[in-house]
Every structure is written in C-alpha cells, then in structure tokens.
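*Asks:* If you scroll down you'll find the structure; I have some questions about it.
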Amino acid sequence: MPLPHVLLSAAVSLDGCLDDAGPDRLLLSSPADFDRVDEVRASVDAILVGAGTLRADNPRLLVNSPERRAARVAGGRPEYPLKVTVTASGDLDPRARFWHTGGEKVVYTSDKGARRLRDAGVAADIVPLGAEPDWRLLLEHLHDVRGVRRLMVEGGGTVHTQLLQRRLVDEIHLVLAPLLVGDPRAPRLFGPGAYQGGRLRLLETRAVGDVVLMRYEPTAPGTGALAVPADRHWLRLACELAAQCPPSRTAFSVGAVVVAADGTELARAHSREAGDPVVHAEEAALAKIDPADPRLPGATVYSSLEPCTRRASRPRPCARLILDAGVRRVVTAWREPDTFVRAADGTGLLRSEGADVVVLPEFEPAATAPNRHLLG
Ligand SMILES: NC(=O)c1ccc[n+]([C@@H]2O[C@H](COP(=O)([O-])OP(=O)(O)OC[C@H]3O[C@@H](n4cnc5c(N)ncnc54)[C@H](OP(=O)(O)O)[C@@H]3O)[C@@H](O)[C@H]2O)c1
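Residue 16 in full-length UniProt numbering sits at position 16 of the sequence shown, and the numbers go up by one each step.
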C-alpha cells in the first residue's frame, strides 16, 4: 500500500536532548532555523506531533509566513497543512492551541481514547484505530482518506523513535543546536531499541544561523515482502542505471544494485556494461562481489526489470545466478514482457525457491523508459 513520504524533523542540543526537564519549552533552533522549519511546513500536506508534545509545549504548528500561505492557496492547496496528532489515552486538553488555530485537524487514537476525546469536545476529526493505533494503518489512512503525500513529523522523541524503528521514515531533518542541557531527565531524540544496522545516508549539511541542519535518509532494505522507504531509493537508482545502458534492439536495458542488510551497497551494474555486449545487469553486479561474501544471504538485489529465467547468450539466467549466490530478496519495478521470451517468470522461479520478490509498480515508467523502442 502506498504511504506518505515521512519526514522527521527535530532539533537537539549538543548532548542529544530535545528539551530540558523544566515546564517551559527549550528553544533550540535559531530564528533563521525557525524560518527554515516554516518553509518545510509550507511544503507538506500534513504535520504530525505526538500527544506528549501537545501536552508539554502546547504548539500551534502553523505556517507563519503570509507569503507561503498565499502560495499554498494559489497552488490549490489549503492555506495550512492538516494538523495530526496521535494519542492512545485520549488525554488531551480541548483548550490546547493545536485545536483552535490553523486549518483541519485529525487525531488518531484508540477506541477508548476516542470516547474520551468526544466526551471532552475536542474539535477535530477523531479516528479510532483499535486498541493500540498502528503506525502503518495510520499512515495508510492519511494517504488514502486524507490525500497526504508528504508528512512532516515534528516530535517528540517517542513518536520519532517508533516511526524510525518501524522503518516508516523516508527522511530525517536534524538540527544540532550549540547548547548543552545536561539533565538526565531531559527527553532524548531517539530511545533504545532496534534500528537499522549500518549507516544512514547523509543528504545535506547546512549552517542556518548558529545551528547546523543535517538531512539523512535510511539505507537498509526491508525484510521479506515488506517494502520500506530505502527500497524505493535503491530501486530508483537501479532505474537510473538502466538509462545508462548502451542502446540495443535485441535486449532490454536494465540496472541492478546489490545491497547488504545494513544498507551497504555491495555492487551496481547495468546491461552491456564494460564492453560486454550480452552481459545482464544482475549478472554483472553479482560478478563484482566475492561469492564467499557473508553478506550475500542477507542482501537484496534491486533490478529495474525482473531477473530473467531463460536466455540464449549465457548458460545460467539471472534468477538462477541470484539464487545460487544465496540472495533471498529481490525488489523489481517491472515484470518481463513477452518481447524476447514468452511467459518469462523470474518472479515465479525466485519465489518457488524461497526468495521474496517485491514488485514496486510505481517505478515501472522509469524502468520501461530506456526500453520504449522495444515495446511497440
Ligand atoms: N526539539 C524538538 O525538535 C522537539 C520537537 C517536538 C517535541 N519536543 C519535545 O519532546 C518532548 C515530548 O516527547 P514525548 O516523547 O514525551 O512525546 P511525543 O512523542 O510527542 O508523544 C508521545 C505520546 O504520543 C502518543 N503515542 C505515541 N505512539 C502512539 C501509538 N502508536 N498509538 C497511540 N498513541 C501513541 C502517546 O500518547 P498518550 O500518552 O496520550 O497515549 C504517547 O504518550 C517534549 O519535551 C517536547 O518539548 C522537542
């Protein structure tokens, strides 16, 4: 199911705190950075915070710049992004500023929390999601029912931790502020638990006044049939590689990337690379990896076209090469058409031998683009 692009946004002190332990909100960002946050808010469809942040900070979560609001309206969007919060308890003050400023509001909650919020007269669309709201269901609802394509999450630490651990985050905007809190009771950005192993990808660093903005994205592939945001990044790269293939009238242009479970790229390749007129992308990528590499069984192969099952040019087709390499997860954009081989079913072969194959059809246009001349 498609989900919104989820952007986590937070500011932390040099000692990693989101706030101090006092009753008032600690201002970590610089004035210039508050303006940057305002710009990001103006770019999204919805802004979410957890109930803990509503109780602690009583935020309004508005786009403050009249010019940015006017630009949203001129672009056919509501003046303010949808405001979203999540609470299991339903213990929220109906007088909080969140409910009485800006545009539409929605609160995701438990069945019990919904009763409490209704009794309190909270001015919002109250959506119960069972006993304990599930993040994936919540994001699906935002996407399908509310039309949210970009969601900015502005804390707090509990919500950030849950979303990152559940592998639902596309992007992190982290601001490091030049001050120290030093209080062991102060909330931290991310709590303990299971995160992706390995390193996230640094997208940008930028000084904004006296703070530094760092943008990261997760890199680790999903597991099994479940796709995570990093899968989309790697498949997009495979489709870009497909566009680099030397043209051919007798073979597809395909790109492939092999990625370890911790998000380390092991190899990338494209069809007919390095002067080999018949080499396939997955074959060329796997050939760059030591067959004894212990990361292969946990790796994912991303291929713009599903791996082949029959070929005249080499004895072993790519689906077989992948299985023989020990790889058990493949993500692809495009099922093979009958152009050269009738009823090729690389996905079927891989699945029949225990591999998970994830097809992300939203990438099919990018995968087919360099092959348009073959498709009639
Ligand atoms: N520096 C920054 O950028 C920044 C940004 C935002 C917040 N903060 C700080 O962060 C602190 C608040 O963080 P926090 O961790 O205490 O709170 P939080 O993450 O804002 O909210 C946690 C609450 O959200 C609800 N919740 C979370 N996951 C849920 C789920 N799956 N289902 C249902 N409800 C769920 C629960 O509410 P119920 O308890 O009502 O069930 C939970 O107690 C404050 O000190 C605030 O100032 C800092």
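Ideal Cβ positions, reconstructed from N, Cα and C, are used throughout, including at glycine.
Could you tell me the distance, in whole angstroms, from the CA atom of G326 to the CA atom of A194?
*Replies:* As a working note, residue 326 is residue 326 in the sequence shown. As a working note, residue 194 is residue 194 in the sequence shown. Rounded to whole angstroms, G326 to A194 spans 25 Å at the Cα level.
*Asks:* Could you work out which residue in S352, G354, P361 and S313 is closest to R335 when comparing CA atoms only?
*Replies:* In the sequence shown, the residue the question calls residue 335 occupies position 335. Ranking the options by Cα distance to R335, first place goes to P361.
*Asks:* Just to check my reading of the structure: L286 and L321 have Cβ atoms closer than 8 Å, yes? What is that Cβ distance to the nearest angstrom?
*Replies:* Here residue 286 is taken as the residue at index 286 of the sequence shown, counted from 1. Here residue 321 is taken as the residue at index 321 of the sequence shown, counted from 1. Contact flag correct, Cβ pair sits at about 6 Å.
*Asks:* Give a yes or no on whether the C-beta atoms belonging to A230 and S303 are separated by under 8 Å.
*Replies:* Taking the sequence shown and counting its residues from 1, the one referred to as residue 230 is at position 230. Taking the sequence shown and counting its residues from 1, the one referred to as residue 303 is at position 303. It is not a contact, given that the beta carbons lie outside the stated cut-off.
*Asks:* Report the start-end ranges of each alpha helix (DSSP H) in the stretch 35-107 that is 4 residues or longer and not cut off at the edges.
*Replies:* Those alpha helix (DSSP H) runs which fall completely within the stretch 35-107 and span 4+ residues are 51-57, 66-74 and 97-100.
*Asks:* Kindly list the residues whose CB is nearer than 8 Å to the CB of H143, restricted to its own chain and excluding five residues on each side of it in sequence; keep chain order.
*Replies:* As a working note, residue 143 is residue 143 in the sequence shown. Counting only Cβ-Cβ distances below 8 Å, and skipping sequence neighbours, we find M1, P2, L3, P4 and R149.
*Asks:* For V341, which of R329, E306 and D19 has the nearest alpha-carbon?
*Replies:* Within the sequence shown, residue 341 is the residue found at index 341, counting from 1. Measuring from the Cα of V341, the nearest candidate turns out to be E306.
*Asks:* Taking buried to mean at least 16 other C-beta atoms within 10 Å of its own C-beta, is A256 buried or exposed?
*Replies:* Position 256 of the sequence shown, counted from the start, is the residue given in the question as residue 256. When all chains shown are included, A256 counts as buried.
*Asks:* Flag this pair as touching only if the stretch 208-223 and the stretch 255-275 have three or more C-beta atom pairs under 8 Å; answer yes or no.
*Replies:* Contact holds: three or more Cβ-Cβ distances are below 8 Å.
*Asks:* Cutting at 8 Å between CB atoms, please list the residues of its own chain near L179, excluding the five before and the five after it.
*Replies:* Start at 1 with the first residue of the sequence shown, and residue 179 comes out as number 179. So the qualifying residues of the chain are S13, L14 and L28.
*Asks:* If you draw a straight line from the C-alpha of R95 to the C-alpha of V106, how long is it?
*Replies:* Within the sequence shown, numbered from 1, the residue matching residue 95 stands at position 95. Within the sequence shown, numbered from 1, the residue matching residue 106 stands at position 106. Whole-angstrom Cα-Cα distance: 15 Å.
*Asks:* Does the distance between the C-beta of Q162 and the nearest non-hydrogen atom of ligand 1 fall short of 7 Å?
*Replies:* Indexing the sequence shown from 1 puts residue 162 at position 162. Yes - ligand 1 has a heavy atom lying nearer than 7 Å to the Cβ of Q162.
*Asks:* For V278, I'd like the list of residues in its chain whose CB is within less than 8 Å of its CB, leaving aside the five on either flank, ordered along the chain.
*Replies:* In the sequence shown, the residue the question calls residue 278 occupies position 278. Closer than 8 Å at the Cβ level, and outside the excluded window around V278, lie A251, R272, S313 and R314.
*Asks:* Once the 5 residues before and after R68 are set aside, which same chain residues still bring their CB inside 6 Å of it?
*Replies:* As a position in the sequence shown, residue 68 is number 68, starting the count at 1. Hits under 6 Å: A42.
*Asks:* If distances are taken between C-alpha atoms only, which option among R295, R215, V331 and H233 comes closest to G197?
*Replies:* Residue numbering aside, residue 197 sits at position 197 when the sequence shown is read from its first letter. Comparing Cα positions, the closest option is R295.
*Asks:* Taking all protein chains shown into account, decide if R372 is buried (16 or more other Cβ within 10 angstroms of its Cβ) or exposed.
*Replies:* For the purposes of this step, residue 372 is identified with residue 372 of the sequence shown, where counting begins at 1. So R372 counts as exposed.
*Asks:* Count the other C-beta atoms from every protein chain shown that fall within 10 angstroms of the C-beta of H160, then say buried if there are 16 or more, exposed otherwise.
*Replies:* As a working mapping, residue 160 is identified with position 160 in the sequence shown. Result: buried.
*Asks:* Can you find the residues in the same chain that come closer than 7 Å, C-beta to C-beta, to N64, ignoring five residues on each side of it along the sequence?
*Replies:* Position 64 of the sequence shown, counted from the start, is the residue given in the question as residue 64. For N64, where only same-chain residues beyond five positions count, the Cβ hits under 7 Å are D38.
*Asks:* From what residue to what residue does the beta strand (DSSP E) around A11 run?
*Replies:* Position 11 of the sequence shown holds residue 11. It spans H5 to S13 - the beta strand (DSSP E) in which A11 sits, taken as one unbroken run.
*Asks:* Which residues mark the beginning and the end of the alpha helix (DSSP H) in which H233 is found?
*Replies:* By 1-based counting over the sequence shown, the position of residue 233 is 233. Note, H233: alpha helix (DSSP H), P229 to A242.
*Asks:* Using only alpha-carbon positions, find the residue among P317, D111, S352 and G263 that is nearest to L129.
*Replies:* Residue numbering aside, residue 129 sits at position 129 when the sequence shown is read from its first letter. It is D111 whose Cα lies nearest to the Cα of L129.
*Asks:* Starting from S303 and walking both ways along the beta strand (DSSP E), at which residues does that stretch end?
*Replies:* Locating residue 303 in the sequence shown gives position 303, where the first residue counts as 1. Run containing S303: T300 to L305, per the beta strand (DSSP E) assignment.
*Asks:* Between P247 and H270, what straight-line distance do the alpha-carbon atoms span, to the nearest angstrom?
*Replies:* As a working mapping, residue 247 is identified with position 247 in the sequence shown. As a working mapping, residue 270 is identified with position 270 in the sequence shown. Each residue's Cα considered, the two are about 12 Å apart.
*Asks:* What does a CB cutoff of less than 6 Å around A281 pick up in its chain, not counting 5 residues either side in sequence?
*Replies:* The residue labelled residue 281 in the question sits at position 281 within the sequence shown. Around A281: V254, G255, A256, A269, H270 and S271.
*Asks:* Suppose contacts are defined by Cβ-Cβ distances below 8 Å. Is residue 413 in contact with I47 by that definition?
*Replies:* Because the chain spans 1 through 376 in this model, residue 413 falls outside it and cannot be assessed.
*Asks:* Measuring alpha carbon to alpha carbon, tell me which residue in D45, P317, L18 and L92 is nearest V73.
*Replies:* Numbered from 1 along the sequence shown, position 73 holds the residue referred to as residue 73. When each option's Cα is compared against that of V73, the closest is D45.
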